[in-house]
Amino acid sequence: MGVAIVWFRNDLRLADNPALQAALGTGLPVLPVYVHDPDGDGHARAGAASDAWRARSLAALDADLRARGSRLRLFVGHALPVLSALAAATDAEAVFWNRRYEPDVERRDAQVKRELRAQGLQVESRNGSLLFEPWELATGKGGPYRVFTPFWRAARARWNPAAACPAPVRIHDAAEAPEGVLPDQLRLAPLQPWDSGFWSGWEPGEAGAHAALEAFVDGALHDYPAGRERPDRSGTSRLSPHLHFGEIAPWRVAAAVEAARGRVPEGHVEAYLRQLVWREFAAHLLHHFPHTVEHNLDARFDAFPWARPDRARIERWRHGRTGVPIVDAGMRELWATGWMHNRVRMVVASWLCKHMRMHWREGAAWFRQTLLDADLANNTMGWQWVAGTGADAAPYFRIFNPVSQAERFDPQGEYIARWLPELAPLPVALRHAPWRDPQALGRVAPDYPHRPMVDLQAGRDAALDAYRAMRTAAAQRPSTSHAGD
Numbered sequence: 000m001g002v003a004i005v006w007f008r009n010d011l012r013l014a015d016n017p018a019l020q021a022a023l024g025t026g027l028p029v030l031p032v033y034v035h036d037p038d039g040d041g042h043a044r045a046g047a048a049s050d051a052w053r054a055r056s057l058a059a060l061d062a063d064l065r066a067r068g069s070r071l072r073l074f075v076g077h078a079l080p081v082l083s084a085l086a087a088a089t090d091a092e093a094v095f096w097n098r099r100y101e102p103d104v105e106r107r108d109a110q111v112k113r114e115l116r117a118q119g120l121q122v123e124s125r126n127g128s129l130l131f132e133p134w135e136l137a138t139g140k141g142g143p144y145r146v147f148t149p150f151w152r153a154a155r156a157r158w159n160p161a162a163a164c165p166a167p168v169r170i171h172d173a174a175e176a177p178e179g180v181l182p183d184q185l186r187l188a189p190l191q192p193w194d195s196g197f198w199s200g201w202e203p204g205e206a207g208a209h210a211a212l213e214a215f216v217d218g219a220l221h222d223y224p225a226g227r228e229r230p231d232r233s234g235t236s237r238l239s240p241h242l243h244f245g246e247i248a249p250w251r252v253a254a255a256v257e258a259a260r261g262r263v264p265e266g267h268v269e270a271y272l273r274q275l276v277w278r279e280f281a282a283h284l285l286h287h288f289p290h291t292v293e294h295n296l297d298a299r300f301d302a303f304p305w306a307r308p309d310r311a312r313i314e315r316w317r318h319g320r321t322g323v324p325i326v327d328a329g330m331r332e333l334w335a336t337g338w339m340h341n342r343v344r345m346v347v348a349s350w351l352c353k354h355m356r357m358h359w360r361e362g363a364a365w366f367r368q369t370l371l372d373a374d375l376a377n378n379t380m381g382w383q384w385v386a387g388t389g390a391d392a393a394p395y396f397r398i399f400n401p402v403s404q405a406e407r408f409d410p411q412g413e414y415i416a417r418w419l420p421e422l423a424p425l426p427v428a429l430r431h432a433p434w435r436d437p438q439a440l441g442r443v444a445p446d447y448p449h450r451p452m453v454d455l456q457a458g459r460d461a462a463l464d465a466y467r468a469m470r471t472a473a474a475q476r477p478s479t480s481h482a483g484d
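Its first residue numbered 0, the sequence shown is counted upward by one per residue in numbering that gives the first Met the number 0.
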């Protein structure tokens, strides 16, 4: 008797897993496998922090499978030869997986599907990660969206999330199958425990994802529109890593939030669903504009005069030594926890791209290495949005003032004090801008930079001058039209 192979990737769950359900529907013994193929992921190759999460999430998935009579077999190598050899060794009849939408991965998966079908296998992929696949929503002219608001309206007009599907109680395991490798041989977990500070605030795996969703609906959702902007509060869902690794389905998240209508203030459900659809928009953009992983969506910015990369200054930004407390607090939170509050992500990105005038690719690369939730689509869209080079209806001159951002969203400086404890003894106003009193700063934090590495006004002026120079250069070239908004 043959088997049905389920190829797990970024869908590390048993509930709401379309590929697993399809395999179970064949009536064949099921062989759950994970193939570590970072080269095949291309630009979507995970960074060190994401690898550390994946190691724990795979262990959680294996435990969940064992509780149902099955187990996860691990392999290392290029996906096609590994899956082909597995199919031959197990007399497999079918292979199922849930789709991914990163450009390099889509190309790899298409090749795998062609080759395995040519070998006589039933090969099918499913949507296991999105409310809408990237090609399902289109403008009136049939093209892709480039602006979020009309995309959001189209999503709400066609809103029909998949129904929840519970995890199987029992899985008929394909017992006679290659053993694979041990978890350590994937080399995902760090040899030195630099990630030890991450796990007090996170529980990778499907159970952790469901617990995080429940905590959010019962807690932060009740103050979501205001609370999500405050890094000094626990006001966000903190579901992003769980969604990225597919430990929970977005339609289950949407259903749980929708079910809270009437228990939370009016508008809070829509506010969160809007953020969930931002994730959909990112996948939509990456699918239709795959070049944006490395290049500007807005071609006018190909002429933008970025500053020459300065490695020493970039290192100061990376490690929270810019002299701007809200920026430094965010970068230190990222280093310590593998995560950063979204409002602060925008501030630190604006500082790098606008005040320092470093190319957005510098920031995107660092986030890919250090974020637990490093998602290629979200990361690309987010950095291009802040840099002004991407899908944004607003002009480039949105330049975040880090002091006013801190004063508005961290009014008592509590977030700053948490991640920059050397500044905690300062009065609140000085926590936001300690250079205003050099003597006080020198007294309580002599090792903290005594002034910002870039003067706030001078940095803003230089960014706007660069923008004007870019516009002049772009005006001298033929215009590039884009499909729809």
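Even for Gly, the Cβ is constructed at its ideal location relative to N, Cα and C.
- The alpha-carbon of Tyr33 is positioned some 46 Å away from that of Val402.
- With fewer than 16 other Cβ atoms from the protein chains shown falling within 10 Å of its own Cβ, Ser195 counts as exposed.
- Here Gly266 is exposed. Its C-beta has fewer than 16 other C-beta atoms within 10 Å.
- Inclusion of Pro230 and Arg342 in the CB contact set at 8 Å is warranted, their separation being smaller than that value.
- Taking 8 Å as the cut-off, the beta carbon of Ala14 is found no closer than this to the beta carbon of Glu257.
- If you draw a straight line from the Cα of Arg397 to the Cα of Gly387, it is about 8 Å long.
- Annotation: the continuous alpha helix (DSSP H) that includes Trp316 extends over 310-317.
- For Phe95, the pairing in a beta bridge is given by DSSP as Val5, Glu123.
- Within the same chain, and ignoring the five residues on either side of Met345 in sequence, the residues whose Cβ sits closer than 7 Å to its Cβ are Val385, Phe399.
- With distances taken between CA atoms, Pro182 lies nearest to His35 out of Ala259, Val427, Arg67, His35.
- Where Phe74 is concerned, there is no enclosing alpha helix (DSSP H), although the beta strand (DSSP E) around it starts and stops at 72-75.
- When the beta-carbon positions are compared, Leu19 and Ser56 stay at least 8 Å from each other.
- With respect to the 8 Å criterion, Leu82 and Leu30 are not classified as neighbours on the basis of their beta carbons.
- Shown here, Arg251 sits in a helix according to DSSP, grouped into three states.
- Bridge pairing for Tyr33: Phe7, Leu73 [DSSP].
- Inter-residue distance for Glu279 and Pro133 is about 8 Å (C-alpha atoms, whole angstroms).
- Positions of the beta strand (DSSP E) runs, each at least 3 residues long and wholly inside the stretch 350-376, cannot be given because no such run exists.
- If you check the CB distance, Arg299 and Met469 come in under 8 Å.
- In this model, Arg44 and Asp38 are separated by some 7 Å (Cα to Cα).
- Per DSSP, the unbroken alpha helix (DSSP H) holding His241 starts and ends at 239-243.
- Ile325 and Trp350 have their C-alpha atoms roughly 10 Å apart.
- The secondary-structure analysis by DSSP pairs Val180 across a beta bridge with Leu73.
- Ala188 and Arg320 have their alpha carbons spaced roughly 28 Å apart.
- A Cβ-Cβ distance of about 7 Å is found for the pair Ser236 and Ala219, placing them in contact under the 8 Å criterion.
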